[in-house]
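Heads up: the structure comes next, in structure tokens.
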Amino acid sequence: MSPTTRQETLETSAPAAEAGPMNARGETASRRRGRASRSKSPAQSKTHAVPFKVRWRRDWQMVLMMVPGVLVMLLFAYIPILGNVIAFQDYQPYLTVFEAPFVGVEKFVGLFDDPAFLDAFRNTMVLAVTQLVLFFPVPIILALVVDSLSPRRIRNVFQSIVYLPHFLSWVLVITFFQEFLGGAGFINNMLKLMGMGSIPFMTDPTTFPLMATIQLVWKDAGWAMIIFLAALSTVDVSLYEAAAADGAGRWRRLWHVTLPALRPVIILLLILRIGDILSVGFEQFILQRDNVGPGAAEVLDTYVYYSGVIGGDWSAGAAAGLAKGVISALLIWGANSLAHKFGEAGLFQKKVG
Amino acid sequence: MTSLLNRKASGLSYSPTRPAWKEKPSLLYSGLKVLIVVVVTACIGLPVLVVFATSFADNQQIIQSGGYVLWPTHPNLDAYRTLFSGNLMIRALGVSAFITVVGTAIALFVTILLAYATSRPVLFGRPVVLAVLFTMLFSAGIIPMYLMIKQLGLIDSLWSLILPGALGGFNFVVMRSFFMNIPGELIESARIDGASDWKILWTMVLPLSKAVTAVVGLFYAVGIWNSFFNALLYLNDTAKWPVQVVLRSYVLQGKSMAADQLGVAVHAQPQSLQMAVVVVALVPILLVYPFLQRHFTKGVITGAVKG
Chain A
15 MSPTTRQETL
25 ETSAPAAEAG
35 PMNARGETAS
45 RRRGRASRSK
55 SPAQSKTHAV
65 PFKVRWRRDW
75 QMVLMMVPGV
85 LVMLLFAYIP
95 ILGNVIAFQD
105 YQPYLTVFEA
115 PFVGVEKFVG
125 LFDDPAFLDA
135 FRNTMVLAVT
145 QLVLFFPVPI
155 ILALVVDSLS
165 PRRIRNVFQS
175 IVYLPHFLSW
185 VLVITFFQEF
195 LGGAGFINNM
205 LKLMGMGSIP
215 FMTDPTTFPL
225 MATIQLVWKD
235 AGWAMIIFLA
245 ALSTVDVSLY
255 EAAAADGAGR
265 WRRLWHVTLP
275 ALRPVIILLL
285 ILRIGDILSV
295 GFEQFILQRD
305 NVGPGAAEVL
315 DTYVYYSGVI
325 GGDWSAGAAA
335 GLAKGVISAL
345 LIWGANSLAH
355 KFGEAGLFQK
365 KVG
Chain B
-2 MTSLLNRKAS
8 GLSYSPTRPA
18 WKEKPSLLYS
28 GLKVLIVVVV
38 TACIGLPVLV
48 VFATSFADNQ
58 QIIQSGGYVL
68 WPTHPNLDAY
78 RTLFSGNLMI
88 RALGVSAFIT
98 VVGTAIALFV
108 TILLAYATSR
118 PVLFGRPVVL
128 AVLFTMLFSA
138 GIIPMYLMIK
148 QLGLIDSLWS
158 LILPGALGGF
168 NFVVMRSFFM
178 NIPGELIESA
188 RIDGASDWKI
198 LWTMVLPLSK
208 AVTAVVGLFY
218 AVGIWNSFFN
228 ALLYLNDTAK
238 WPVQVVLRSY
248 VLQGKSMAAD
258 QLGVAVHAQP
268 QSLQMAVVVV
278 ALVPILLVYP
288 FLQRHFTKGV
298 ITGAVKG
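Chain order of the listed sequences is A and B.
First residue of the first sequence? That's 15 in this note's numbering, and the numbers climb one at a time after it.
First residue of the second sequence? That's -2 in this note's numbering, and the numbers climb one at a time after it.
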């Protein structure tokens, strides 16, 4: 225990300032955590140094305020997580979770004999890779364009327009696509009026990954741009000036100044995306599964729904869901550690601080 | 510093708009930029325009133009009259309005309390924050959630659309990082004057946090209004369907709105009727969007960058 910590511990337990230490500790503790996030000993030893009774008398109102949130969290996050035990059982709706027979990992093994699950897994991977390749660069390019748009007002109006689709529901987005590109949609009606055959944009399973990615770009590319715009606005302009003085043209400046400035954000978002690779979106696919067919539009999440809730094999659905959740969490964890190894800020360090 | 000022100024209309080191704008790049802006704007604006126009168009024009119109030549409200003469859409709107208003209020209440309490170094603060962050990383999954809702007896109850989403991880993080930036001296001084934590929150912290409360509230509201799958999963009773599910059934899946549901015989062209349903789902979002947009860039970015 370092001398400064001892000092603070004494200060905190001093009875005179019941409210004071809260603030002092609030300021310093959060600062310190931000600076040296790995060494958690000072904060922890301090926590234990104040007697529980003292802290309770000081904090009970604040603890009371946590009750509704904690209750919601317990009921709708943590107890359901425990409910995942049915993945290891042969659950039937007329049984309770405590009565269902235990079958071990049978349901997980069974997944690999289910062609529908293998389809769902393959589709998820295909969609995720398509999204990664085709979606990921779009917001960056869009941000570069918007950042260079010159009259302020045009820039603001354009920003308002491209953010809007993010706030529309997937039902609306798919409806728009249906009205435009569907079999009886705007484009196909035009083609018919011109005497040409129709093109099954929305129902062709072979081009579905592309279609799904286009839908995602339409909905979320503008929104995803925000974070790149924020990063762009922090670039020191004297860097551009210096580069230009050294004879760098606009592409060189883009390559040597702008992109390095965006690198931490790009890596952060890549991590998020890779960690999230098993979730490609849910409502988007459940809305189109009937039109495109499960062969191309079934993803892991819709598989859980259709095999479990609709098909009645609750345990298999839960097994698929649990496997997906655990692997996703491990992927995020792994990708984050990898980022730390490369010296990037990563994800959790920022969030907890 | 001067270059920084330059950059700020470069967005304004007065000259010189271009710093000395920058190339003159070339026709090629400017043209490309204009093209991108126009194409993107058209991609987003055109569907919205067509939906609005078709919902107001008369039958004859819709048939002539092959189902969709860009501009109604004889605008009328027939489709809306038909839609609102029955109770199907009115009921759905009522359900959506109820879950959005009540849901947002409850979610804000829960989130503000938890975010404020954990924004100060108090007892149980850190484990609770970690618990929330963990729920962002790992969710229970559809089936255990369904069983939980069933266990609580909330199947076919509108509370199943309200309560599970009452604590959004992202919104919690945004609120909490805002509260953490409120100077501790302020809260300390109120405490010394004998105010309870509850009173500090309501009379001091919340008035300081109007903007972030507005943003988070709008995020919740938009999320609840847009939610579709929860309703599909938890509600079997079609009378309790919110707007999004109605939109899906009658427009996307093309179920016909039977005369008994509408209360009258359907006399408007179904196409304009369908587009009217789309407009009903779309308009509330368009109405709140300007408020949302004014605040969110600030709110989201401060939240996202600080984490």
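For every residue, glycine included, the Cβ atom is placed at its ideal position computed from N, Cα and C.
| query | result |
| --- | --- |
| Beta carbon of Val129 of chain B nearer than 8 Å to that of Phe175 of chain B | no |
| Chain A residues whose Cβ lies nearer than 8 Å to that of Phe288 of chain B | Result: empty, since nearest Cβ-Cβ is about 12 Å, beyond 8 Å. |
| Gln58 of chain B, DSSP secondary structure in three states | helix |
| Burial state of Ser55 of chain A (16 or more Cβ within 10 Å) | In this predicted model, Ser55 of chain A has a pLDDT of only 47, less than 50, meaning its place in the structure is not dependable enough to derive any value. |
| Where Trp18 of chain B meets chain A, residues with beta-carbon distance less than 8 Å | Tyr254, Glu255, Ala258 and Ala259 |
| Close-in-space but distant-in-sequence residues of the same chain around Arg291 of chain B (CB under 7 Å, 5 per side omitted) | none |
| Residue-chain proximity (Tyr177 of chain A, chain B), Cβ-Cβ < 8 Å | yes |
| Counted within 10 angstroms of its Cβ, other Cβ atoms place Ala17 of chain B as buried (16 or more) or exposed | exposed |
| C-alpha gap between Leu78 of chain A and Ile197 of chain B, whole angstroms | 14 Å |
| Reduced DSSP category for Phe194 of chain A - H, G, I as helix; E, B as strand; rest coil | helix |
| Cross-chain neighbours of Pro161 of chain B in chain A, by beta carbon under 7 Å | Phe90 |
| Arg49 of chain A (DSSP reduced to helix, strand or coil) | Residue confidence for Arg49 of chain A is low, a pLDDT of 42 falling below 50, so the modelled location carries little weight and cannot support an answer. |
| Identified DSSP bridge partners for Gln103 of chain A | A:Phe116 |
| Inter-residue spacing [alpha-carbon to alpha-carbon] between Ser52 of chain B and Asp128 of chain A | 45 Å |
| Cβ pair Ile96 of chain B, Ile221 of chain B closer than 8 Å | yes |
| Simplified DSSP state of Pro239 of chain B, which is helix, strand or coil | coil |
| Run of the alpha helix (DSSP H) containing Val219 of chain B, from where it starts to where it stops | Lys207 to Asn223 |
| Reference Leu144 of chain B; option with closest CA among B:Tyr247, B:Leu230, B:Phe131 and B:Leu24 | B:Leu230 |
| For Glu297 of chain A, the nearest candidate out of B:Phe226, B:Pro267, B:Arg123 and B:Leu43 (CA to CA) | B:Phe226 |
| C-beta neighbour in chain A for Val119 of chain B, strict 8 Å | yes |
| Exposure of Ser206 of chain B, with buried meaning 16 or more beta-carbon neighbours within 10 Å | buried |
| Best match in B:Val276, B:Phe81, B:Ser82 and B:Gly251 for proximity to Gly199 of chain A [C-alpha to C-alpha] | B:Gly251 |
| CB contact below 8 Å: Val271 of chain A versus chain B | no |
| Straight-line gap, Ala334 of chain A to Pro94 of chain A (C-alpha atoms, nearest Å) | 15 Å |
| As assigned by DSSP and simplified to three states, the class of Asp218 of chain A | coil |
| Sequence-distant residues of the same chain with beta carbon closer than 6 Å to Gly40 of chain A, five excluded per side | Because the pLDDT at Gly40 of chain A is just 42, under 50, the model does not fix this residue reliably, and the point stays unresolved. |
| Element boundaries [alpha helix (DSSP H), containing Asn178 of chain B] | It is not in any alpha helix (DSSP H) - Asn178 of chain B carries neither H nor E in the DSSP assignment. |
| Between the CA atoms of Pro44 of chain B and Pro69 of chain B - distance to the nearest angstrom | 15 Å |
| Alpha-carbon spacing of Leu215 of chain B relative to Val86 of chain A, whole angstroms | 20 Å |
| Residue of B:Gly64, B:Ala54 and B:Ile60 minimising C-alpha distance to His71 of chain B | B:Ala54 |
| Beta-carbon spacing of Gly100 of chain B, Leu158 of chain B below 8 Å | yes |
| Contact residues within the stretch 307 to 330 of chain A, judged by C-beta distance below 8 Å to chain B | Asp315, Val318, Tyr319, Gly322, Val323 and Trp328 |
| Segment contact, 8 Å Cβ cut-off, at least three pairs: the stretch 88 to 104 of chain A with the stretch 320 to 338 of chain A | yes |
| Ile87 of chain B: first and last residue of the uninterrupted alpha helix (DSSP H) it sits in | Asn84 to Ser116 |
| Three-way DSSP call (helix, strand, coil) for Asn73 of chain B in this model | coil |
| Val77 of chain A: contacting residues in chain B (beta-carbon distance under 8 Å) | Ala114, Val119, Leu120 and Phe121 |
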